[in-house]
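Note that the numbering used here has the sequence shown beginning at 55, numbered continuously upward. In this text, a Cβ means the ideal position worked out from N, Cα and C, and glycines have one as well. Small disclaimer: the values here were computed from a predicted structure and weren't measured. Read through the structure below, which is laid out as C-alpha cells, and then see the notes.
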Amino acid sequence: MQRVPPWQIPFAFFATSIATLGAALLWAAIAPPPAFVLLHLLVLGVFATTAMGALYQFVPVVGMAPLRFSRLPYAHLALAIAGTALVAYGFDVTNLQIVLLGGALHTAGAILELTVLLATLRGSKNAGMPSRLATAAFAWLLATFAAGMVVAHGTLAPGVHGIIGLAGFFGTLITAVTFRLLKMFERVNVETRAPLRAIFVTVSALVTVFWPHVGAILLAIAAAIFVADLFVIAAKRNPAYQRETLFYSLISGFGGLFAAAGAAFGYWYEAIVLAVWFFTGCAVAGYIQRIVPFIWWIRRSHAESPKNVPLLEQLTSPRLGVSIVLLWSAAGLWWFFAPFTRGPAIVALCAYAALLAQLSRIHLNADRIVKASN
Numbered sequence: 055m056q057r058v059p060p061w062q063i064p065f066a067f068f069a070t071s072i073a074t075l076g077a078a079l080l081w082a083a084i085a086p087p088p089a090f091v092l093l094h095l096l097v098l099g100v101f102a103t104t105a106m107g108a109l110y111q112f113v114p115v116v117g118m119a120p121l122r123f124s125r126l127p128y129a130h131l132a133l134a135i136a137g138t139a140l141v142a143y144g145f146d147v148t149n150l151q152i153v154l155l156g157g158a159l160h161t162a163g164a165i166l167e168l169t170v171l172l173a174t175l176r177g178s179k180n181a182g183m184p185s186r187l188a189t190a191a192f193a194w195l196l197a198t199f200a201a202g203m204v205v206a207h208g209t210l211a212p213g214v215h216g217i218i219g220l221a222g223f224f225g226t227l228i229t230a231v232t233f234r235l236l237k238m239f240e241r242v243n244v245e246t247r248a249p250l251r252a253i254f255v256t257v258s259a260l261v262t263v264f265w266p267h268v269g270a271i272l273l274a275i276a277a278a279i280f281v282a283d284l285f286v287i288a289a290k291r292n293p294a295y296q297r298e299t300l301f302y303s304l305i306s307g308f309g310g311l312f313a314a315a316g317a318a319f320g321y322w323y324e325a326i327v328l329a330v331w332f333f334t335g336c337a338v339a340g341y342i343q344r345i346v347p348f349i350w351w352i353r354r355s356h357a358e359s360p361k362n363v364p365l366l367e368q369l370t371s372p373r374l375g376v377s378i379v380l381l382w383s384a385a386g387l388w389w390f391f392a393p394f395t396r397g398p399a400i401v402a403l404c405a406y407a408a409l410l411a412q413l414s415r416i417h418l419n420a421d422r423i424v425k426a427s428n
C-alpha cells in the first residue's frame, strides 16, 4: 500500500468530469437540452464526479493513511460514467426506467467509494476532522441517489432530492474542505472552525428536508457565517500569495448565501440556479485548479530531485485563474436572467477553454519553469 494515493485515480475522475463539462456546455451552446438533462450532466457528471475523485486523494492525505483497496476506484469510475450517461439519456427520452438504472449504478459506485474511504480512515491513527467530515458527507450522497430514485417512482417531491444533494452533500463537503485548502494555499489556519460549520450545514439541510422554509433560513445563516469566516481569512492572508483560491471561495460562499436566501423567500428555481452555478460550480472550478497541481507536484517530487520540481505557485497562472472565475460568473449571471439560451453557454465555454489552458499549463510548462529557475 502506498503512503500517497496513486495519482491516476483522482486524475481519471477529473478527466471524466472535465470532458463531461465540455460536452454539456457545447450541447447547451448549440441547442440547449432539456432542463433535467443539463442539470444532471452538471451536478452528477461534473461536480459530483470531481468531488468523488478529489476525496480519493483528500481523505488519505489529510487522514495520513494509505488508500485501501486502490483498484476499486476504477470500478467506481466505470459505474459513474455509465450511470451519468443513462441518467442523461433517460431524461432526454423521458424514460424513467433508464434514469433509475443510471441512479442504481451511481449508488453502487458511491458505496464502493464509501467502503474505500471508511477502510482508509480505519487504518489511520491520526485521521483529522476534515477527512472524517468529508467522508461523512457521503451519507448525504447516498441519500441523494436514494431520494432521486424515489422521485423517479413518483412518491417524493423532486425538491427534496435537490435539497439533499445541493445543501446536504455539496454544502457539507465544500464547508469541510474549504478551510483545509485555504490553510494550504493562503497560509491562514482557521480550520478549527470547520467541524461546527459543517455540522451546522448538515443539521440545516436535514431541517430543510422536512421544513423547507425554516431550513432555508438556517442555511442562509450558515452561509453568512461561512462568508464571514472567509473575510477573516482575507484580512489575515499574506498579500504576496495568489488570491484565486480565496476569490473562488468567496464567490461560492456568496452563491450559497443568495441561494439559501432566495429559497427562504420561496424562489426555489432561482435558488437552484445560484446553488448549482455559483456555490457548487465556482468551488469545483476553483479548487480543481489547486488540487491538480498539488497532486502533480507530489508525484513529481517523489519521482525526481526536488530541484526539478517547480513551486506550486509557479504551476498556475493568476491571470488565467481570474479570467476563469470572471467568465464563469458572467455566464452564470446571464443564465440567471436568460436561462436555456445559447449566449450564457458560449461564455461558459470560454471559461472552459481557459480552464483547459490552466490545467494543461501545469504539465506543459513545468520543464520550462525549472530551466528558468536554474
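Legend entry - Cβ-based neighbour list, L403, same chain, cut-off 6 Å, excluding 5 preceding and 5 following: Counting only Cβ-Cβ distances below 6 Å, and skipping sequence neighbours, we find L79, A83.
Inset, instruction - Enumerate in chain order the residues of its own chain whose CB-to-CB distance from V338 is below 6 Å, with the five nearest sequence positions on each side excluded. - result: Contacts found: F101, T104.
Legend entry - Environment of Q151 [buried if 16+ CB atoms lie within 10 Å]: That one is exposed.
Inset, instruction - Can you have a look at G465 and say buried or exposed, based on whether 16 or more other CB atoms are within 10 angstroms of its CB? - result: Nothing about residue 465 can be read from this structure; the chain reaches only from 55 to 428.
Inset, instruction - Buried or exposed for G251, please, with buried defined as at least 16 other CB atoms from any protein chain shown within 10 angstroms of its CB. - result: According to the sequence as given, residue 251 is Arg; it is not Gly. Here R251 is buried, its C-beta having at least 16 other C-beta atoms within 10 Å.
Inset, instruction - Within the same chain, show all residues whose beta-carbon is closer than 7 Å to that of V346, passing over the 5 residues directly before and after it, in chain order. - result: Only F68, L413, I416 meet the Cβ criterion.
Inset, instruction - Determine the direct distance from the alpha carbon of R234 to that of L171, and round the result to whole angstroms. - result: Looking at the two C-alpha atoms, the distance is approximately 18 Å.
Legend entry - Contacting residues, own chain, Cβ-Cβ under 7 Å from L96 (five flanking each side not counted): Only A78, V330 meet the Cβ criterion.
Inset, instruction - In angstroms with no decimal places, state the Cα-to-Cα distance between I63 and A164. - result: Distance between I63 and A164, taken at the CA atoms: about 15 Å.
Inset, instruction - Kindly indicate which three-state DSSP category Y295 falls into: helix, strand or coil? - result: Residue state, collapsed to three classes: coil.
Legend entry - For V244, the first and last residue of its enclosing alpha helix (DSSP H): V244 -> no alpha helix (DSSP H), and no H or E assigned at all.
Inset, instruction - Decide yes or no for the touch test of the region 252-265 against the region 123-137: beta carbon pairs closer than 8 Å, at least 3 of them. - result: Under the 8 Å Cβ criterion, the region 252-265 does not count as touching the region 123-137, having fewer than three qualifying pairs.
Legend entry - Own chain residues within Cβ distance below 8 Å of L196, not counting five before or after: By the criterion of a C-beta distance shorter than 8 Å, L196 is surrounded in its chain by T161, A164, I165, L168, once the five residues flanking it on both sides are discounted.
Inset, instruction - Over the uninterrupted alpha helix (DSSP H) stretch that includes A85, give me the two end residues. - result: That residue, A85, is in no alpha helix (DSSP H); it is neither H nor E in DSSP.
Inset, instruction - Using three-state DSSP, classify A211 as helix, strand or coil. - result: Of the three classes helix, strand and coil, the one that applies to A211 here is coil, per DSSP.
Inset, instruction - Inspect the beta-carbon positions of V281 and G307 and report whether they are closer than 9 Å. - result: Contact flag set, yes.
Legend entry - Residue of P120, E324, M238, T74 minimising C-alpha distance to A297: Per the sequence shown, residue 297 should be read as Arg rather than Ala. Of the listed residues, the one whose Cα sits closest to R297 is M238.
Legend entry - F285: first and last residue of the uninterrupted alpha helix (DSSP H) it sits in: From DSSP, the alpha helix (DSSP H) with F285 extends over 266-290.
Inset, instruction - Give me the Cα-Cα distance between I326 and H356, rounded to the nearest whole angstrom. - result: Each residue's alpha carbon lies about 42 Å from the other.
Inset, instruction - Output the boundary residues of the alpha helix (DSSP H) element that contains W194. - result: In this chain, the alpha helix (DSSP H) harbouring W194 covers 183-206.
Inset, instruction - Could you have a look at M118 and say whether DSSP puts it in helix, strand or coil? - result: Assigned with DSSP and collapsed to three states, M118 falls in coil, not helix or strand.
Legend entry - Cβ-based burial, G225 [other Cβ within 10 Å; buried from 16]: Residue environment: G225 is assigned as buried (16 or more neighbouring CB atoms within 10 Å of its CB, all protein chains considered).
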